[in-house]
Amino acid sequence: MLDTLLFLAKTAAGDICTGGISEAVGLAKMVIKVLQIAVPIGLIVMGTIDMAKAVIAGDEKKMKEAQKPFIKRIIAAVIVFLIPIIVNMVLSFVTKGNSDWIDCWNHSKWNGAIDVNSDQITTR
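In this text, residue positions in the sequence shown follow the working numbering: the first is 180, and each later residue adds one.
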């Protein structure tokens, strides 16, 4: 992985950030954002449902048993939410001084479809 980071640090943004690559990076960014939001929400909802079942049952033992997984799910949700932020911080420290590929990451967007030129399509 370090070799990949060093390769990216030595490569100019113009070499990396071309049409298809820019759109692929934009798609990856969108997927990461969706996961960063959907996974914590899902974990918290599942934990809330488990706690609600225990409270409705009215059993003190079930409530205490439901607390441990609920706390673990909340911690996991926070970790999943913070992982992209931590990775961005680490990468900014590793590639300090050469931010061409970081500019590519920051400025790439996914427009909902991969562009294909008619020149690239070959008939058989």
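The beta-carbon is built from N, C-alpha and C at its ideal position, and this holds for glycine as well. These numbers were taken from a predicted model, which means no experiment stands behind them.
Item to check | Alpha-carbon to alpha-carbon, Ile200 and Val257 | outcome: 30 angstroms
Checklist entry - Can you tell me where the alpha helix (DSSP H) with Ser271 in it begins and where it stops? => result 239–273
Item to check | Within 8 angstroms, strictly: CB atoms of Pro219 and Val259 | outcome: yes
Checklist entry - For Gly313, is the classification buried or exposed, using 16 other Cβ atoms within 10 angstroms of its Cβ as the cut-off for buried? => result The structure shown has nothing for residue 313, since the chain only spans 180 to 303.
Next on the checklist: In whole angstroms, give me the CA-to-CA distance for His286 and Ile211.
Outcome noted: 15 angstroms
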